[in-house]
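Structure first, then comments.
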Amino acid sequence: MFIITCPYCGDRDQTEFSCGGEAHIERPKQPTELSDDEWAEYLFMRKNIKGVQFERWNHSHGCRKWFNIIRDTSNDKIHAVYKMGEKPPVI
Amino acid sequence: MLSFNPPIKEEKNYNDLKIVEIEPTIKINLRSNKREFSTKIGKILSILPPNEANTSSGNESYSLLWLSPDEWLIYSNNINDTLDNQIELENNLFNEISKLNQGAVTNVSDHWVMINLKGTKIFDLLSKSCPFNFKDFKKKKGSVVQTVLNHVDVIMHNKDQNELNLFVRRSFSEDLWLWINDSARFL
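Residue numbers (the numbering used here), protein chains in the order written: chain R, 1 to 91; chain Y, 92 to 278.
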């Protein structure tokens with residue numbers, strides 16, 4: 001359990017949010033030109049590192065907005081929260 | 092009167108706590124990110140939609156709750172509103188907003204059930220199964236919060252000191268009503 005600061009609503013309990021996985025994965029510009037392996041790489045493969053990770057989260061039981069979080073997966077410490085479309089802060 | 096079939100048919104009184112469903116009321120959901128939207132709402136309702144998070148605005152007839160940066164909920168404060176009043180308001184908003192591509196207007200009168208809680212023990216009751224910190228919420232009249240209560244999505248509107256309106260989806264309302272009453276017995 002930890003507290004997440006929604007950029008729209010403020011401090012809320014983690015149970016109000018859903019994690020949408022790794023952030024900043026760009027969709028290939030020409031998907032038809034990719035091989036099956038390259039497409040699978042884009043679609044399924046995630047880093048899932050132990051340490052500081054960039055993630056997408058959704059305030060699903062609140063304002064229902066998506067935003068990004070920089071979180072340390074080993075201790076759930078949140079380094080930064082920023083809105084969709086914003087550049088990730090340097091940490 | 093609007094002709095809804097309320098799922099909760101009684102009023103309950105506990106020690107310093109009164110719980111009743113306020114039905115029927117008009118509830119309309121608004122979504123827009125256009126600049127002219129606020130002016131149009133101001134003209135129709137004589138209330139400006141709040142831009143500050145977790146707040147509300149209102150007058151004698153309507154309350155307007157902030158739900159997200161581009162979403163608001165209107166509900167009527169008058170339980171004697173007729174079906175004609177509802178149609179008139181919905182049509183006014185639809186013609187000025189939806190038809191002109193200024194946003195979306197959705198009638199959610201049947202979707203949400205409004206439960207009114209009064210008494211000094213409201214927040215003791217809610218704290219039994221809600222992860223939200225009510226410290227600032229209860230001090231500020233007109234505060235709004237969307238959270239979960241006993242794992243059910245709810246919207247809470249702090250009407251006044253020791254008075255709160257709680258909105259719950261109709262399909263979950265009976266379940267939440269039973270939980271509220273069960274928990275209120277132990278306050």
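Each residue gets a CB set at the ideal place from its N, CA and C atoms; glycine is no exception.
Item: Chain-ordered neighbours of R:T5 on chain Y, where CB pairs are closer than 9 angstroms; Value: By Cβ distance, chain Y contributes nothing, its closest Cβ being about 12 angstroms from R:T5, past 9 angstroms.
Item: Assigned exposure category for Y:R276 - 16 Cβ within 10 Å defines buried; Value: exposed
Item: Y:L164 Cβ short of 6 angstroms to the ligand SAM heavy atom set; Value: Looking at this structure, you won't find the ligand SAM or any other ligand, since it has none at all.
Item: Same chain, Cβ closer than 8 angstroms to Y:G149, neighbours up to 5 away in sequence not counted; Value: I138, L155, N168, G233
Item: For Y:D273, the nearest candidate out of Y:I113, Y:A195, Y:L216 (CA to CA); Value: Y:L216
Item: Beta bridge counterpart(s) of R:N68 as assigned by DSSP; Value: R:R56, R:Y82
Item: Distance CB(R:F67)-CB(R:P7) smaller than 7 angstroms; Value: yes
Item: Y:A144: contacting residues in chain R (beta-carbon distance under 7 angstroms); Value: Y8, C9, G10
Item: 6 angstroms Cβ shell around Y:N256 - same chain, five flanking residues per side excluded; Value: M205, N207, H248, K250
Item: Candidates Y:F128, Y:G133, Y:L136, Y:F258, of which the one nearest Y:K190 by Cα; Value: Y:F128
Item: Whole-angstrom distance between R:H79 and R:T15, CA atom to CA atom; Value: 19 angstroms
Item: Check whether R:S74 and R:K50 have beta carbons under 7 angstroms apart; Value: yes
Item: Amino acids of chain R, ordered along the chain, whose beta-carbon sits closer than 9 angstroms to that of Y:P160; Value: Y8, C63, K65
Item: Against chain R: residues of the region 125 to 150 of chain Y by CB proximity under 7 angstroms; Value: A144, N145
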